[in-house]
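Written below as structure tokens is the structure these notes are about.
Residue numbers (the working numbering): 4 to 635.
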């Protein structure tokens with residue numbers, strides 16, 4: 004084809020099918036309009052239209068055009084020739100769908116484009132972004148022109164190495180309505196890098212609404228998963244996180260993932276139950292897969308045919324062989340999902356496998372990210388969640404019921420709730436083949452040792468360090484061991500403690516053999532206001548008394564102000580929320596009063612025995628299964 008910059012039409016004989024949804028047109032002589040390339044992936048300004056309407060996703064990756072389509076396209080410069088990779092808006096063949104495809108110049112006039120191109124070249128060449136030069140461009144009256152100009156200045160600044168100014172221009176372009184995927188990718192990466200999460204969250208809403216308007220299901224799923232990853236990253240940094248499942252996100256993915264035709268199958272023989280693992284891909288210990296395996300192995304396999312599914316490829320699960328062996332003893336299969344292209348394709352495959360096995364009840368141990376999307380597909384007639392914590396993490400509107408043994412999550416669960424016998428106390432967490440000696444971590448046998456452990460985020464609460472400071476001030480002979488603190492955070496904690504107290508604290512990063520260190524403790528101090536949950540019982544099983552502060556059950560759920568065990572521990576063993584005097588009194592009492600320590604140990608053993616009866620939990624779970632199967 005030859006250049007006609009006012010309106011270049013693609014004819015069927017120009018189009019070459021290059022795989023799945025992708026089509027290629029070669030264009031000669033576009034000397035005024037440089038395309039994208041590996042160095043400047045958002046350089047092209049040409050607009051591809053379908054029946055006069057611009058396709059929504061320029062600068063798309065070639066694999067995305069091929070695999071996902073739906074109007075993705077890219078103008079690519081290749082050694083003197085120009086290649087247009089594109090897909091139709093609905094993935095029909097552009098050769099036969101009778102639509103007109105035209106390549107049009109940018110939305111600015113030719114003179115402005117030439118001036119802007121010269122400015123971009125100067126910025127890239129000199130690295131200088133002059134307010135005097137830039138302002139005449141970004142003060143244009145037309146919104147479309149300002150979107151266009153700011154986007155291009157952003158990419159010029161990025162190429163010149165001025166990341167901060169590139170972000171400024173990109174944010175302005177986005178806020179004006181320039182919601183193109185190339186800018187979305189850049190904004191997510193740049194705002195996360197800058198820890199600018201308050202500015203990042205609205206970007207996801209705009210992107211999700213754009214995906215819905217264009218009926219781009221793959222993009223909707225991509226936006227959802229990118230937001231989830233950003234929330235997790237913010238959470239690890241101690242940044243308050245928004246809800247995973249607000250209405251904008253939920254509605255955005257609802258249509259995208261309803262991809263399966265439900266086929267009701269007649270039940271026969273044993274009830275077919277499936278469990279979806281979560282957390283199995285990590286190298287650090289995660290209790291979620293262990294809880295599932297523990298429940299499965301305690302179920303009645305004469306009446307329930309159970310399958311366990313991993314949403315990971317087998318090679319990505321460090322303990323895959325161990326899980327397989329433990330489940331095989333009871334004739335239970337562990338099904339892995341092999342690596343596939345898009346998230347939607349992965350959802351199709353695993354949902355199809357669940358349906359093919361005739362699963363009647365599907366149990367989820369998480370409702371975040373991929374697990375939430377899978378539940379939205381609804382591959383089984385009945386869907387149940389294990390309500391193990393924060394409602395937004397473990398429950399969703401796509402579940403029929405969540406099972407929980409604690410009150411606080413039940414009050415704010417996003418689906419119906421049923422209370423069952425406590426579960427989750429795992430035998431594998433209480434084996435200490437190589438206990439660590441006190442001397443190995445710099446303690447003496449004469450020290451009074453207080454100890455806390457948990458995820459790093461739980462130690463970023465100033466109120467926790469106020470507790471520690473009070474305890475160490477009241478016990479000059481005591482040392483404090485804190486396990487789970489990121490090394491880089493340690494200097495910052497000094498401001499919360501008196502120097503004489505800070506020097507008596509032993510800081511340790513998280514380690515999987517943490518249970519081996521617990522025996523060095525005389526008293527365990529629970530984290531606050533974000534409690535440690537199962538860590539309390541891990542200490543109790545070793546006869547270590549624990550000081551726990553209660554929380555306010557009438558407040559709406561907030562994970563960072565929650566004591567999971569508030570209903571299980573006797574009230575005379577808990578300190579009232581915010582009662583620091585009572586906290587110090589409890590710690591000092593346990594150090595000095597042998598009778599009080601004995602009482603705490605005896606009560607702790609009773610609680611551990613109650614939590615250890617997994618068979619009782621499994622029986623109650625089975626009754627829930629049968630209720631749903633009988634309802635049909």
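C-beta atoms are modelled at their ideal positions from N, C-alpha and C, and glycine is treated no differently.
* Between residue 616 and the rest of its own chain, which residues show a CB-CB distance below 6 angstroms, the 5 nearest in sequence each way excluded? -> none
* **Cβ shell of residue 20 (< 7 angstroms), same chain only, five flanking positions each side left out** => 26
* Asked: Are the region 274-287 and the region 350-368 in contact at 8 angstroms, needing three or more beta carbon pairs?
  -> yes
* Whole-angstrom distance between residue 81 and residue 7, CA atom to CA atom -> For residue 7, the predicted structure reports a pLDDT of 42, less than 50, and the residue's modelled location is therefore unreliable. A value from the coordinates is still provided. In a straight line, the C-alpha of residue 7 is about 19 angstroms away from that of residue 81.
* Roughly how many angstroms lie between the CA atoms of residue 190 and residue 50, to the nearest whole one? -> 22 angstroms
* Asked: Could you give the distance in angstroms between the alpha-carbon of residue 402 and the alpha-carbon of residue 633?
  -> 17 angstroms
* Would you tell me roughly how many angstroms separate the C-alpha atoms of residue 600 and residue 593, rounded to the nearest one? => 5 angstroms
* Look at residue 560 and residue 425 and say whether their C-beta atoms are less than 8 angstroms apart. => no
* How far does the alpha helix (DSSP H) with residue 576 in it reach, from first residue to last? -> Element bounds for residue 576: n/a, residue is neither H nor E.
* Which full runs of the alpha helix (DSSP H) of 4+ residues lie inside the region 228-304, going along the chain? -> 250-260, 290-300
* **Span of the beta strand (DSSP E), counted from its first residue to its last, around residue 339** => From DSSP, residue 339 is part of no beta strand (DSSP E); its letter is neither H nor E.
* Asked: Thinking C-beta only, is residue 478 closer than 8 angstroms to residue 520?
  -> no
* **Neighbourhood of residue 180 by C-beta distance below 8 angstroms, restricted to the same chain and skipping five residues each side** => 146, 150
* For residue 244, count neighbouring Cβ atoms within 10 angstroms of its own Cβ and tell me buried if that reaches 16, exposed if not. => buried
* Determine contact between the region 83-94 and the region 47-64, defined as no fewer than three beta-carbon pairs at a distance below 8 angstroms. => yes
* Rounded to whole angstroms, how far is the Cβ of residue 568 from the Cβ of residue 607, which I believe are closer than 8 angstroms? -> With a Cβ gap of about 11 angstroms, residue 568 and residue 607 do not count as contacting.
* Look at the alpha carbon of residue 224 and the alpha carbon of residue 258, and state the distance between them as a whole number of angstroms. => 10 angstroms
* Is it right to say residue 148 is buried, meaning 16 or more other beta carbons lie within 10 angstroms of its own, or is it exposed? -> buried
* Contact check, residue 94 vs residue 345, beta carbons under 8 angstroms -> no
* Asked: Going straight from the alpha carbon of residue 330 to that of residue 174, what length do you get?
  -> 51 angstroms
* DSSP on residue 513, reduced to helix/strand/coil? -> coil
* Asked: Pick from 123, 463, 72, 484: whose alpha carbon is nearest that of residue 443?
  -> 484
* To do: Would you please verify whether the beta carbon of residue 618 is less than 8 angstroms from any beta carbon of chain C?
  => Checking the listed chains, one finds no chain C in this structure; it contains a single protein chain.
* Please specify which runs of the alpha helix (DSSP H), each continuous and at least 4 residues long, are wholly inside the region 372-399, giving them in chain order. => 372-380, 394-397
* Thinking just about the alpha-carbon of each residue, which of 65, 294, 349, 197 is nearest to the one in residue 185? -> 65
* Thinking just about the alpha-carbon of each residue, which of 215, 272, 99 is nearest to the one in residue 256? -> 215
* Nearest residue (CA-CA) to residue 528, options 515, 542, 605, 404 -> 542
* **Which of helix, strand or coil DSSP assigns to residue 426** => coil
* How would you write the range of the alpha helix (DSSP H) that residue 481 sits in, first residue to last? -> Per DSSP, residue 481 belongs to no alpha helix (DSSP H); it is in the beta strand (DSSP E), 481-486.
* Asked: What's the C-alpha gap between residue 178 and residue 112?
  -> 23 angstroms
* Asked: Terminal residues of the continuous alpha helix (DSSP H) containing residue 468?
  -> 465-477
* Asked: Rounded C-beta distance between residue 158 and residue 46? I'm assuming under 8 angstroms.
  -> 7 angstroms
* Comparing alpha-carbon positions, which option in 524, 233, 554, 533 lies nearest residue 544? -> 524
* Asked: Contact check, residue 487 vs residue 458 under 8 angstroms by CB: the rounded distance?
  -> 6 angstroms
* To do: Given a cut-off of 8 angstroms, decide if residue 307 and residue 625 are closer than it, judged by their beta-carbon atoms.
  => yes
* **Alpha-carbon spacing of residue 250 relative to residue 297, whole angstroms** => 35 angstroms
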